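Numbering-wise, numbering that gives the first Met the number 0 puts 142 at position 143 of the sequence shown, and it's gapless, one number per residue. The structure under discussion appears below in the form of structure tokens.
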Amino acid sequence: MQHDKQIKKKENMLPQEDTTTQTFATYLAKQYIVKKGLTYGTVPEAAALAEACDIVLTGTDGLNFQIICIIDRESHPEKKFTMTAKEVSEIGKQCLKYAGKISSAQMPVMIHVMEVANGKSGASTRLKNFKKESLFSKCHLIAWSIDTASATVWTNAPLNGRFIGRTMIEQLLREPRAADADLQPAELTVQENAGRPFVTYALLALLAAVFGAELFYAVQPSTGMLTPGIRTLVAFGGLNYSLVVQQGEWYRIFTAASYTWR
């Protein structure tokens with residue numbers, strides 16, 4: 000049975016004000032909401048993260064689940080992220096039920112910790128070992144340090160974070176700020192993983208059955224090992240130009256798993 004859980008929000012929402020006067024942490028959070036579809040707040044299992052940071056964002060698409068924790072050191076210069084990697088990993092494990100599965104493979108939970116400061120903060124030294132516990136861990140921890148004074152970004156993410164947001168952050172640091180769209184984040188509902196993907200299993204079984212029938216009931220010898228001949232593929236609904244255009248067998252556009260377009 001699926002259990003819907005609403006994102007738990009902190010009492011204070013992201014401020015609606017001129018973006019030129021906002022701290023970069025607030026501006027960055029709004030950009031994540033607009034461009035990446037994240038929502039302000041988090042699930043109950045991650046309440047400790049919400050208490051440890053100034054802004055917490057959560058996103059899910061049914062498969063991937065991520066939490067972004069932002070420390071606004073422009074507003075609070077002395078504030079640091081104090082939770083240990085082990086503590087955050089335990090939270091990530093509790094949140095795995097919100098991530099999906101592909102076949103039987105569990106998709107991971109990704110937790111980002113970002114410290115945003117006007118100048119060097121030492122976060123790159125403190126957080127460089129803030130990462131997943133082992134190679135096979137399903138909770139990925141990633142640390143970021145953003146220096147608004149020099150417009151530089153540090154992260155311990157693989158490939159220097161190029162594929163998980165570094166480029167966007169650097170662009171936001173360099174470019175003039177966009178106007179505030181008076182954004183009101185919507186409620187986000189996440190679901191615990193419902194179990195095995197039986198529909199996927201059924202589709203795979205159907206495809207395997209059709210492939211077996213193509214081999215067993217072949218109307219011409221195979222052209223190679225486990226490779227049905229062209230006449231066999233056409234007999235089983237393969238796409239063929241003459242049959243579709245000249246003889247009007249348009250259904251082949253929807254039934255074809257293969258084609259001989261000639």
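Note that beta-carbon positions come from the ideal geometry of N, C-alpha and C, so glycine has one too. Fair warning: this is a prediction, and the values are worked out from it, not measured in the lab.
Buried versus exposed, by CB contacts within 10 Å (16 or more), residue i
{"i": "residue 235", "result": "buried"}
{"i": "residue 161", "result": "exposed"}
{"i": "residue 187", "result": "Confidence at residue 187 is low in this model, with a pLDDT of 49, below 50, so the placement of that residue should be treated as unreliable; the coordinate-derived value is given next. It counts as buried."}
{"i": "residue 112", "result": "buried"}
{"i": "residue 252", "result": "exposed"}
{"i": "residue 56", "result": "buried"}
{"i": "residue 211", "result": "exposed"}
{"i": "residue 73", "result": "buried"}
{"i": "residue 164", "result": "buried"}
{"i": "residue 200", "result": "exposed"}
{"i": "residue 237", "result": "buried"}
{"i": "residue 198", "result": "exposed"}
{"i": "residue 233", "result": "buried"}
{"i": "residue 204", "result": "exposed"}
Beta-ladder partner(s) of residue i, from DSSP
{"i": "residue 197", "result": "The partner list for residue 197 (beta bridge, DSSP) is empty, contrary to what the question assumes."}
{"i": "residue 39", "result": "56"}
{"i": "residue 111", "result": "67 and 141"}
{"i": "residue 152", "result": "145"}
{"i": "residue 100", "result": "105"}
{"i": "residue 116", "result": "146"}
Residue i versus the options, residue with shortest Cα-Cα distance
{"i": "residue 127", "options": "92, 200, 104 and 83", "result": "83"}
{"i": "residue 148", "options": "210, 173, 142 and 250", "result": "173"}
{"i": "residue 216", "options": "205, 97, 230 and 74", "result": "230"}
{"i": "residue 213", "options": "153, 62 and 228", "result": "228"}
{"i": "residue 104", "options": "91, 112, 129 and 136", "result": "136"}
{"i": "residue 36", "options": "165, 97, 60 and 166", "result": "60"}
{"i": "residue 134", "options": "142, 157 and 143", "result": "157"}
{"i": "residue 45", "options": "86, 81 and 20", "result": "86"}
{"i": "residue 117", "options": "151, 63 and 177", "result": "151"}
{"i": "residue 97", "options": "75, 81 and 58", "result": "58"}
{"i": "residue 48", "options": "33, 32, 34 and 65", "result": "65"}
{"i": "residue 41", "options": "67, 207, 62 and 176", "result": "67"}
{"i": "residue 80", "options": "51, 226 and 43", "result": "51"}
{"i": "residue 43", "options": "34, 75 and 90", "result": "90"}
Contacts around residue i, its chain only, beta-carbon distance under 6 Å, and the 5 residues preceding and following it disregarded
{"i": "residue 139", "result": "107, 109 and 131"}
{"i": "residue 346", "result": "Only positions 0 to 261 of the chain appear in the structure, and residue 346 is not among them; the question remains open."}
{"i": "residue 168", "result": "152"}
{"i": "residue 142", "result": "112, 126, 129 and 155"}
{"i": "residue 209", "result": "none"}
{"i": "residue 122", "result": "114 and 144"}
{"i": "residue 62", "result": "99 and 106"}
{"i": "residue 75", "result": "none"}
Whole-number beta carbon distance between residue j and residue i, since they are thought to touch under 8 Å
{"i": "residue 100", "j": "residue 196", "result": "7 Å"}
{"i": "residue 171", "j": "residue 30", "result": "6 Å"}
{"i": "residue 69", "j": "residue 27", "result": "7 Å"}
Close beta carbons around residue i, own chain, < 7 Å, minus the five adjacent residues each side
{"i": "residue 119", "result": "146"}
{"i": "residue 92", "result": "138"}
Close beta carbons around residue i, own chain, < 8 Å, minus the five adjacent residues each side
{"i": "residue 71", "result": "22, 24, 25, 53, 54, 78 and 115"}
{"i": "residue 20", "result": "none"}
{"i": "residue 159", "result": "165"}
{"i": "residue 34", "result": "167"}
Distance cut-off 6 Å: residue i Cβ against heavy atoms of the ligand HEM
{"i": "residue 206", "result": "No copy of the ligand HEM occurs in the structure displayed, which carries no ligand at all."}
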